[in-house]
Amino acid sequence: MPIFRPQRFVRVCIVFFVIFMSTICFKVYLKVSLIKKQTRDIIYNYQDDVSDNSTYTDYVAARIKDKMQTMRQILNIKSQIKNINLAQTVHNTRLGHFKSNLDSHVIVVLVHSDTYYFSQLLLSLKTAIGIKDAFIIFSHDYFSESINALIRNIKFAKYIQIFFPYSIQLHPNVFPGTDGQHCSEGYVCKKSKARDPEAAQSKQHWWWTVNQVFDNLNVTRSIKQFTVLFLEDGDFVTPDILYVFKLLKKVRLSHFTFCEVINLGAYDLDLSSYTKKTLVSVEIWTGRSYRSGIAFDRQTWNSLKSNSEEFCNHNDYNWDSSLRHVGFKKWDGNVYMIAIPGTRVIHIDKCGRTDDGCQEELKVKEVKKFIRSVRKGMFPRSYVMAANKVEDFDRTAAGFWEDVRDKELCMYFTTHSVWY
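Numbering follows my numbering, in which position 97 of the sequence shown is assigned residue number 367; successive positions increment by one, without gaps.
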């Protein structure tokens with residue numbers, strides 16, 4: 271029978287007490303440090319921004335008022351997002367229920383904050399033949415009343431809205447927003463600007479979306495056979511996009527079941543690529559193809575999800591490059607796609623701050639003019655098949671995905687249904 275030793279017991283209690291008090295003191299230290307930092311920021315901003323007629327007390331009161339207003343706005347948006355995500359309301363059901371066949375199309379649109387470009391995408395989708403049989407999932411990483419108003423006016427297709435609950439908009443000063451930290455393995459965090467929240471959000475948002483669409487969204491999770499087409503605001507589609515989408519799905523099922531993805535987009539705009547007898551090619555998915563206009567089915571998704579650690583740990587903020595990395599590491603060395611030469615998804619680049627004379631309206635006009643010029647070659651009546659020999663996937667990683675918190679959040683979306 272073990273002997274009770276009071277002195278040893280007392281020593282153990284003292285050790286636990288010291289550890290407990292040290293933890294409390296460390297938390298107090300972090301809190302005090304944060305308060306000091308916020309105070310310094312207010313003082314510095316006061317020195318930079320204050321007018322001659324303002325006192326320091328007035329300035330601090332105004333800053334606190336602004337912060338409280340921002341916090342209330344964020345809490346209000348979070349509440350709305352929670353309600354919308356949990357309700358999962360399908361609109362325009364009068365157009366019929368979604369069916370799992372070649373004539374029905376699931377389109378996921380990744381929506382950001384550009385109202386004008388998003389409105390142009392909607393206008394192009396409205397003119398797409400067969401759009402009434404489509405089901406559109408708008409996945410937002412930014413809550414915008416103007417964008418929501420545009421969506422509420424949609425009458426041409428069934429749709430649903432979902433909102434990414436871990437957006438920068440909802441977490442402006444903490445992870446996954448801008449917190450000025452970079453954390454390595456073991457959660458060793460240091461002050462650093464190495465992490466780019468905007469870049470990281472691009473991959474997080476897409477990964478959250480694809481998990482929700484295939485596995486957690488009520489209207490789609492139980493459907494075994496369907497193919498999802500991915501678009502983004504800034505894209506503009508041709509009137510025959512769904513006609514060609516159906517054609518490529520049919521060709522893939524008949525001849526090229528080994529192809530993991532369907533590609534409807536490309537960077538190059540070539541007038542000669544639009545013919546009534548179109549080429550249907552099988553090739554390796556490289557960086558030459560734009561990531562909008564990519565589509566894949568549940569079989570490809572299940573294979574991708576089973577290798578989610580490769581996807582989430584790959585040091586590349588681009589979701590498409592990370593997907594190709596999974597193909598290289600875990601599939602047959604590359605990701606194979608079925609495509610046609612004439613792009614049905616045209617991406618319109620935004621005007622940068624240094625682009626003097628650039629007008630987004632003119633860019634849209636040029637795209638519409640191009641589509642009118644190739645209209646006679648749309649809706650191909652027949653096709654010929656070919657295998658194109660191109661270079662292998664470039665395995666160079668783009669980076670901006672080294673923070674361990676991004677990797678763990680990515681994996682969290684894999685194993686949890688996260689709606690708010």
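A virtual CB, placed ideally from N, CA and C, is assigned to each residue, including glycine.
Local conformation of F515 per DSSP, three classes: helix
Spatially closest choice to G647 from A667, D538, V634, V514, by CA coordinates: V514
Short Cβ contact (8 Å threshold) for V381 with S349: no
Element boundaries [beta strand (DSSP E), containing C459]: 458–461
Residue from T527, K337, Y387 whose Cα sits closest to the Cα of V552: T527
Own chain, CB closer than 8 Å to I401, minus 5 neighbours either side, in chain order: L395, F426, A427, L512
Selected residue, minimal CA-CA separation from I501, among E672, H367, V376: Residue identity check: residue 501 is Leu in the sequence provided, not Ile. Comparing Cα-Cα distances from L501 to each of E672, H367, V376, the minimum goes to V376.
A331 versus Q343: straight-line alpha-carbon distance, rounded: 18 Å
Close beta carbons around C628, own chain, < 8 Å, minus the five adjacent residues each side: Apart from the 5 residues on each side of it in sequence, C628 sits with its Cβ closer than 8 Å to the Cβ of C621, G622 in its chain, given in chain order.
Reference R651, options V550, V605, I354, closest by Cα: V550
C-alpha gap between D503 and F287, whole angstroms: 56 Å
Beta-carbon proximity of E579 to H595, cut-off 8 Å: No, the Cβ-Cβ distance between E579 and H595 is not below 8 Å.
Inside the region 381–460 only - alpha helix (DSSP H) runs reaching at least 4 residues: 385–396, 415–422
Reference D510, options V298, L534, F670, closest by Cα: L534
Whole-angstrom C-beta distance between Q339 and I430, which should lie under 8 Å: Going by Cβ atoms, the distance from I430 to Q339 rounds to 31 Å, so no, they are not a contact pair.
Segment limits, alpha helix (DSSP H) that includes Y682: Going by DSSP, Y682 is part of the alpha helix (DSSP H) stretching over 674–685.
DSSP state of S559 mapped onto helix, strand, coil: coil
Extent of the continuous beta strand (DSSP E) to which H617 belongs: 615–617
Inter-residue Cα distance where the pair is S562 and M681: 24 Å
Any non-hydrogen atom of the ligand ATP closer than 7 Å to M681 Cβ: Although the ligand ATP was asked about, the structure shown includes no ligands whatsoever.
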